[in-house]
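Read through the structure below, which is laid out as structure tokens, and then see the notes.
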Amino acid sequence: MAFPMPPHQTAYDRAATIFSPEGDLYQVRYAFEAVKKGWTSLGIKTKDGVVIAAEKRFIGPLVDIDDIDKIYKIDDHIGVAFAGMGGDGRILIDYARMFTVRHRLLYGEPPPVELVAKVVADVKQAYTQHGGVRPFGVALIFAGVNPDGTTKVYRTDPGGQYFSFKAIAIGSGEQVANEMFEKHYRSDMSLEEAIKLTLKILYAIIRKTVEDTEKAIASLPEQVELAYITVKDRMFIKMTKEQVKEVVDSIRDELMQL
Amino acid sequence: MAFPMPPHQTAYDRAATIFSPEGDLYQVRYAFEAVKKGWTSLGIKTKDGVVIAAEKRFIGPLVDIDDIDKIYKIDDHIGVAFAGMGGDGRILIDYARMFTVRHRLLYGEPPPVELVAKVVADVKQAYTQHGGVRPFGVALIFAGVNPDGTTKVYRTDPGGQYFSFKAIAIGSGEQVANEMFEKHYRSDMSLEEAIKLTLKILYAIIRKTVEDTEKAIASLPEQVELAYITVKDRMFIKMTKEQVKEVVDSIRDELMQL
Amino acid sequence: MAFPMPPHQTAYDRAATIFSPEGDLYQVRYAFEAVKKGWTSLGIKTKDGVVIAAEKRFIGPLVDIDDIDKIYKIDDHIGVAFAGMGGDGRILIDYARMFTVRHRLLYGEPPPVELVAKVVADVKQAYTQHGGVRPFGVALIFAGVNPDGTTKVYRTDPGGQYFSFKAIAIGSGEQVANEMFEKHYRSDMSLEEAIKLTLKILYAIIRKTVEDTEKAIASLPEQVELAYITVKDRMFIKMTKEQVKEVVDSIRDELMQL
Amino acid sequence: MAFPMPPHQTAYDRAATIFSPEGDLYQVRYAFEAVKKGWTSLGIKTKDGVVIAAEKRFIGPLVDIDDIDKIYKIDDHIGVAFAGMGGDGRILIDYARMFTVRHRLLYGEPPPVELVAKVVADVKQAYTQHGGVRPFGVALIFAGVNPDGTTKVYRTDPGGQYFSFKAIAIGSGEQVANEMFEKHYRSDMSLEEAIKLTLKILYAIIRKTVEDTEKAIASLPEQVELAYITVKDRMFIKMTKEQVKEVVDSIRDELMQL
Amino acid sequence: MAFPMPPHQTAYDRAATIFSPEGDLYQVRYAFEAVKKGWTSLGIKTKDGVVIAAEKRFIGPLVDIDDIDKIYKIDDHIGVAFAGMGGDGRILIDYARMFTVRHRLLYGEPPPVELVAKVVADVKQAYTQHGGVRPFGVALIFAGVNPDGTTKVYRTDPGGQYFSFKAIAIGSGEQVANEMFEKHYRSDMSLEEAIKLTLKILYAIIRKTVEDTEKAIASLPEQVELAYITVKDRMFIKMTKEQVKEVVDSIRDELMQL
Amino acid sequence: MAFPMPPHQTAYDRAATIFSPEGDLYQVRYAFEAVKKGWTSLGIKTKDGVVIAAEKRFIGPLVDIDDIDKIYKIDDHIGVAFAGMGGDGRILIDYARMFTVRHRLLYGEPPPVELVAKVVADVKQAYTQHGGVRPFGVALIFAGVNPDGTTKVYRTDPGGQYFSFKAIAIGSGEQVANEMFEKHYRSDMSLEEAIKLTLKILYAIIRKTVEDTEKAIASLPEQVELAYITVKDRMFIKMTKEQVKEVVDSIRDELMQL
Amino acid sequence: MAFPMPPHQTAYDRAATIFSPEGDLYQVRYAFEAVKKGWTSLGIKTKDGVVIAAEKRFIGPLVDIDDIDKIYKIDDHIGVAFAGMGGDGRILIDYARMFTVRHRLLYGEPPPVELVAKVVADVKQAYTQHGGVRPFGVALIFAGVNPDGTTKVYRTDPGGQYFSFKAIAIGSGEQVANEMFEKHYRSDMSLEEAIKLTLKILYAIIRKTVEDTEKAIASLPEQVELAYITVKDRMFIKMTKEQVKEVVDSIRDELMQL
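Chains as they are written, first to last, in the UniProt record's numbering: chain L, 1 to 258; chain F, 1 to 258; chain B, 1 to 258; chain G, 1 to 258; chain D, 1 to 258; chain E, 1 to 258; chain V, 1 to 258.
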């Protein structure tokens, strides 16, 4: 538990429909804790496109890690990653996809990235205000290219808010990742540079649990899921392990020095 | 917690549907606390038009502050700003927009500003009287020009009340702002003077967290969102950073002396 | 809290749907406390017509007190004032208006005053008997002229009861006001005398918070909202500040002596 | 609280849907306490007709006691009086009237008195068995003349039972009244005698709070509401103050000796 | 309270939807206590027909005991008596009558006695398994003649069970009555003998509260309600006071010796 | 209570919708206790057919034990017996019958035995997972002959599970009965042998409360209800008392030695 | 209880709709405990096909173990096994079958294995987020061959998540089984080898409760249920006892050495 809470206040934290005397919703805060325990996910925007990536933790040799997705395509021009409770995330991603299909049918054009983030955040808000339910224990990063060619990255929170970011990470490695973003992110970086930064960040997180530098580097193609959408093509492209490996090899020296 | 509450009364504060022995709804009070933690927003009316403005706090270099809105257009002739829980505010602003569209369709004319404030306040009231929900943790300032040319500023509270104001601020800087309003507001001030007063007030609030005077002044175009509606044009106009900067430059000396 | 309540009984006061062993509904009592904290409102009936009036408290220089209503027209022949929670009062006044419109449409004639008071009281009763809601924290005074020319004043209570009065005040000044009514009300007083009595009463209440006699008198046109309906015209007429001032001037000596 | 209740049993008295270990519904008992605090009402049947009467307590000079009803006509041949919570009584009386109108429409004849008492008691029973509501805090006396010419008096209780009576009183004066009924009621008394007995009983109750004998007698026409229905005419007739006074004058000596 | 209940188990007895660790529903048990406090009712079957009877307790001189029913006709061939909460009993008897009418309409023949007992028991079962309601605090005895000429007596319990009996009593006198049944009931007794046994039993119960033997015997025609249905006629016949008196006179000597 | 439960865990046993930390549903366990208090019922399958039987306990001379059923026909080819709360059992047996009729109408053929057990178990499962209800306090044994000629015996539990058995007993005598089944059941026994085993088992249970061997044997035809369905005829046949007596007489010596 | 839980946190574990301060849903954890008490089930994928198997524990000689299924066919190309509460598993398997049928009807082709696992996981997720219900106390293993010829094994958890596995076991023997999988599973093993590994694993689990090696081996055909689906035939094939015995005999030496 990351925040101090005097024992006499605990009575306010049993439902999202009860404000504490300070005007807080404790259940929403607790849902954030579920996010902070999730696998690290991140999104970056550049002028050329956006990158979405996620760590896939090694959870035993029996798990078929190749068959587990942490980043999803919402539409050709939008991708999503999440951190927190998997079932909750899946439900909201399905909802976002349904919305996108309906939007295309109704208006004959793809929805802007913010609208998708907003409708998901609206569902989350409702689950913080009405009784008999709990907030969604998940944060999502929607990244994409708008019909007007601008690139966007949004994070939706368990409380129903969403913010626009240049680059953002969520999940258990979010502190490490965001510090690296603050240090290395530049608005004018190319998509390729953004992909390299992404891999450096996820390497830094993975290395924390893998002692051996070589091993950590070698595991990157297996343990990283990475997709990008270029402003030019507006197609959600998931990189193959081989493609990831190629980039990793090209920045091997930099990784060694981290 | 701003008010004293003897421990034996805490049992009355778990639901908005329970009166305390003094006839209070504590959950509504607690929702007000959420408002008081929000970013400062304000509205002013003059004979020539209304001004709506809000502080956009610097919350780290990764946030794309240009892509975050704190003031919204409801209709050509009405704008809104809010302080408190973002998700709650968004829901109510959507509701106000839907109402306005329906009103135009049904009656062939835009609704008066008060009517929009009233329907939003009605929704808020319902959330204080029926079980299984919590009050909205947000206050909104609706400002606009009525079909008859009068200018109006309304604040709706979490408890479902709304009041008419000449000028009003909400959120964490509301005390500073409202004291400056009381001192400097004049019914006969021009819209331009109202815009300048707005910038002075938001500067005073921002300077509290930015030691350096120069820096605080320089950050104004980035950290202030400001729109106006003139009686003549009845169009919600959001000022560009350049336009804000121009006004800031014109009152630079006055800001230095604050 | 005006009544003594032994601590062991508090368990009965959490819902309007629980009787105390003495057959009381504590939540309804607590709702009455909300009324007692409201701004003073009053109604008087005379043979010539009825008067409805309310105090508008000075709540700071930024509030546009001219744009705040404390008394409302329900129909040409009925007015209403309230004390207590503003949002609750607004909802019930809307309901009364809707009922009146429907009544005219269905029966081709305006409803008697009592019927309007009764349907509002019926809504209030329902909110004291069904779970998941709280009682309305508001009392209303309906005053008007019946189709048969009789004048009527009704007060509806949070518990769902209503009574007929010759003259009655509610809100924080109700004790002062009702004592003055008991002393000065006469069944045969003219409407003009009733208006003067109203102003004397509201002056007595306002003077309690304004030390200076002159200032208190001067503030009356600003701080008093007053309407009347004559038996002859059956039109709800709200007096202008100038009209109020004229009457105040005519009774200035009497006010000085209060 | 009229009955002893050991503290460890209080947990059974929070809802009408919980039986105590002794098979009691405490909330229904508590609702009876609300009845016992009500203004005294009574009903008598004679061969010639029925009498319904109620005490109207003096509650201050501002109340327009003439405009307050305590006894109501349900149909030409049925009247009702109640004791307890006014709002609850009003709702049930409205329901009884609606039922009577529907019965006449459906069957082309007025309903028997018992049927009206029964449908009201059925509503009351439902409010003692289903959660989320409270029992009705009111007892009603239905008195009338059946289509077959028999006279009937029924009392419906908060628990949903009803009984047939020769004469019965409810409310705060019920003990005094019922003792006088037991002493003075005769099956063969005339309607006129029943009216006189009614006035004697209500006088006895009123005199308890009015020291002066003369004053108490003088107040009777003001403080007593009395109606009768004769077998011959089957019309609910409310007596005027003058008519009440005439009867009071005729029994003045007897009243003096009470 | 007839059964011992250790204090630590009380937590299981607040709702019929909670089993105690022993597999009991305490709320159903408590509802039985309501039955045990009711006026004694009974039913007997003989080859010639069935008898239904009930004690009508003297509850003061004002009650019109002649106008109070404790046994009811469901259909020509079925009667019912009940013990427990009057309102609950009335609701279920209405339900049984509705069912019988519908059955006749749908199938063109009267329902067997068991089917009527079963549908009432089904309603009772539902009120022990679903939340937000309480069990019915009433037991009913259905007695009648089946279309095939067999005679039947069923008792339905608060828990939703029903059993077939040769003779059975419920209510406060059930122990006395059932002991007498066990001693004196014979399968081959005539309907007349059953009626006499019924009167002896109710006399034994009434005598417990009436010291004087003569008085108790004299009160029987007033305080006993008795009906029978013969196999031959299949008509529910309620005996008049005179008819009851005649039987009482014929067994006077036997009564004296009880 | 058959299982030890530390006091600090009791908080998990108030609703079937709460898991204990060990993954148990205590309310379901408690419902099993209701089953264990029921009258013993049993079912056996042989190659030739199935036997369903139940003990009918002597519960006083007034009960018409001949008119009480403990085993029921669901369809020609399926019978059922139950132990536990009678009302609950009746509801589920009605449900099974309705399902069977609908199945025949829809598919033109009788449902297999397992399908009937399954739909009843599905209803029971639902009552363990949804709030506001309690589990069914009853176990049922469905025994029958499938359309393909195989014989089946299923037991459905309060928790919603069902199992297939060769022979099984439920209720208060289940331990005695199942031990005898384990000792004497043979897959190749004839239906006649199964009937004899059934009678021996129920005799063993009845003898526990009847001291005298002769009396216990003599009471068997009265206190045992027994039906069988042969593979050949597929008709639910309930044995008459005479038929039971005949079998009892044929195994009298064996019974004497038990 | 497998995890430590300080006593002061227990208050968060009464409903799946309450987050603990650490962001956990305790009720979901407790539901996992129900899974861990279930009979062991497992699934393996190979290039040639998938194997699904389950232990059928000996629960007494009266249970007809041949008539109890632990693995089920969902469609020709998908099978399922489960561990945990039987009723809950059955409901979800029915749901999966319904979904599969609907999918074939709507799209004219069988659904991929993951889609079936996903819709079941979606139902489970809903039962962790909405009040008035409890999570499903069951885990399921879906194994099958996709339309594209790939083989898949998914495990759905009580919390609504699902993962892809190469081989996985659930239930009380899951630790033993998964350790053996980690040691012996190879991606390139043949279906026959997978079947043999399955039998070795279930033997290892059964032997824990059966002392005698010979007996444990002999019981395998009775106590193991095993099905496979080949990529070639895409038909769910359940092995007969004889077929299982044949394989057991072929690996008898290896079993002896375990």
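Note that beta-carbon positions come from the ideal geometry of N, C-alpha and C, so glycine has one too.
Assigned exposure category for PRO112/V - 16 Cβ within 10 Å defines buried: Taking the first residue of the seventh sequence as position 1, residue 112/V is located at position 112. Buried, since its Cβ has 16 or more Cβ neighbours within 10 Å.
Alpha-carbon to alpha-carbon, MET85/L and GLN161/V: Here the question's residue 161/V lines up with position 161 in the seventh sequence. Here the question's residue 85/L lines up with position 85 in the first sequence. Spanning the two alpha carbons is a distance of roughly 8 Å.
Complete alpha helix (DSSP H) runs within the stretch 10-74 of chain E (minimum length 4 residues, chain order): 26-36
Three-state secondary structure (DSSP) of HIS77/F: Here residue 77/F refers to the residue found at position 77 when the second sequence is read from its first residue. HIS77/F falls in the coil class under three-state DSSP.
Residue ranges of each beta strand (DSSP E) within the stretch 194-247 of chain L, 3 or longer: 224-230
Within chain F, the residues that ASP13/L reaches when beta carbons sit closer than 7 Å: Start at 1 with the first residue of the first sequence, and residue 13/L comes out as number 13. Chain F residues near ASP13/L: none, gap ~11 Å exceeds 7 Å.
7 Å Cβ cutoff, VAL244/F in contact with chain L: Taking the second sequence and counting its residues from 1, one reaches residue 244/F at position 244. Not one chain L Cβ lies under 7 Å of VAL244/F.
Option nearest VAL101/B by Cα separation, candidates ILE74/B, LYS241/B, LEU202/B: Counting from one through the third sequence, the residue named residue 101/B turns up at place 101. The shortest Cα separation from VAL101/B among ILE74/B, LYS241/B, LEU202/B belongs to ILE74/B.
Beta strand (DSSP E) segment containing ARG155/D, residue limits: For the purposes of this step, residue 155/D is taken as the residue at position 155 of the fifth sequence. ARG155/D -> beta strand (DSSP E) spans 151-156.
Proximal residues of chain D, C-beta to C-beta of residue 261/G below 9 Å: The displayed coordinates of chain G run from 1 to 258. Any statement about residue 261/G would go beyond what the structure contains.
CB contact check: ASP67/F to chain L, cutoff 7 Å: As a first step, residue 67/F must be located in the second sequence, where it is residue number 67. With 7 Å as the cut-off, ASP67/F counts as an interface residue toward chain L.
Closer than 7 Å to chain B by CB, VAL247/G: On the fourth sequence, residue 247/G is found 247 positions in, with the first residue counted as 1. For VAL247/G, the answer is no, since every Cβ of chain B falls outside 7 Å of its Cβ.
Alpha helix (DSSP H) segment containing ILE91/V, residue limits: For the purposes of this step, residue 91/V is taken as the residue at position 91 of the seventh sequence. Unbroken alpha helix (DSSP H) run through ILE91/V: 86-107.
In DSSP terms, what VAL133/B is bridged to: Walking along the third sequence from the start, residue 133/B turns up at place 133. Paired residue(s): HIS130/F.
Candidates THR230/F, PHE136/F, PHE32/F: closest to GLY144/F by CA position: Numbered from its first residue, the second sequence carries residue 144/F at position 144. Among THR230/F, PHE136/F, PHE32/F, the Cα nearest to that of GLY144/F is on THR230/F.
Classification of PRO135/V by the beta-carbon crowding that lies within 10 angstroms, buried from 16 upward: Indexing the seventh sequence from 1 puts residue 135/V at position 135. So PRO135/V ends up on the buried side.
Whether LYS56/B touches GLN223/B by CB criterion (7 Å): Working through the third sequence from its first residue, we reach residue 56/B at position 56. Working through the third sequence from its first residue, we reach residue 223/B at position 223. Their beta carbons are under 7 Å apart, which means LYS56/B touches GLN223/B by this criterion.
Under the three-state DSSP convention, the category ILE251/G falls into: Numbered from its first residue, the fourth sequence carries residue 251/G at position 251. Reduced to three states, the DSSP call for ILE251/G is coil.
Helix, strand or coil at LEU140/L according to DSSP, with G and I counted as helix: For this step, residue 140/L is matched to residue 140 along the first sequence. Residue state, collapsed to three classes: strand.
Beta carbon proximity, THR151/F to chain B, threshold 7 Å: What you label residue 151/F is simply residue 151 of the second sequence in a count that begins at 1. No, because no Cβ of chain B sits closer than 7 Å to the Cβ of THR151/F.
Closer than 7 Å to chain V by CB, SER164/E: Mapped onto the sixth sequence, residue 164/E falls at position 164. Output row for SER164/E: interface = yes.
Beta bridge counterpart(s) of ALA167/L as assigned by DSSP: Within the first sequence, the letter at position 167 stands for residue 167/L. Looking at the DSSP assignment, ALA167/L forms a beta bridge with ILE44/L.
Meets three-Cβ-pair contact criterion under 8 Å: the stretch 144-155 of chain L and the stretch 38-50 of chain L: yes
Chain D within 7 Å of residue 278/G, Cβ atoms only: As shown, chain G starts at 1 and ends at 258. That puts residue 278/G outside it, with no answer to give.
Cβ-based burial, ASP66/B [other Cβ within 10 Å; buried from 16]: Taking the third sequence and counting its residues from 1, the one referred to as residue 66/B is at position 66. ASP66/B comes out exposed.
CB of ILE52/D within 7 Å of CB of ILE68/D, strictly: For the purposes of this step, residue 52/D is taken as residue 52 along the fifth sequence, with counting starting at 1. For the purposes of this step, residue 68/D is taken as residue 68 along the fifth sequence, with counting starting at 1. No, Cβ-Cβ distance for ILE52/D and ILE68/D is not below 7 Å.
beta-carbon LEU226/D near the ligand SAH non-hydrogen atom, thresh 6 Å: This structure does not include the ligand SAH; it has no bound ligands of any sort.
Through-space distance from ALA177/F to LYS215/F, alpha-carbon basis: Numbered from 1 along the second sequence, position 215 holds the residue referred to as residue 215/F. Numbered from 1 along the second sequence, position 177 holds the residue referred to as residue 177/F. Taking the straight line joining both Cα atoms gives about 20 Å.
Start-to-end residues for the alpha helix (DSSP H) that takes in MET180/D: Position 180 of the fifth sequence, counted from the start, is the residue given in the question as residue 180/D. Here the alpha helix (DSSP H) through MET180/D covers 174-184.
CA nearest to the CA of residue 290/L, picked from PHE163/V, LYS36/V, TYR107/V: It is not possible to answer for residue 290/L, since the shown part of chain L is limited to 1 through 258.
Within-7 Å CB hit, ALA167/B to chain G: Taking the first residue of the third sequence as 1, we reach residue 167/B at position 167. Answer yes: the Cβ-Cβ gap between ALA167/B and chain G drops below 7 Å somewhere.
Alpha-carbon spacing of ASN146/B relative to TYR127/V, whole angstroms: As a first step, residue 146/B must be located in the third sequence, where it is residue number 146. As a first step, residue 127/V must be located in the seventh sequence, where it is residue number 127. Approximately 58 Å, taken between the alpha carbons.
is_contact[ALA34/F, chain L] using C-beta, thresh 7 Å: As a working note, residue 34/F is residue 34 in the second sequence. So, interface residue.
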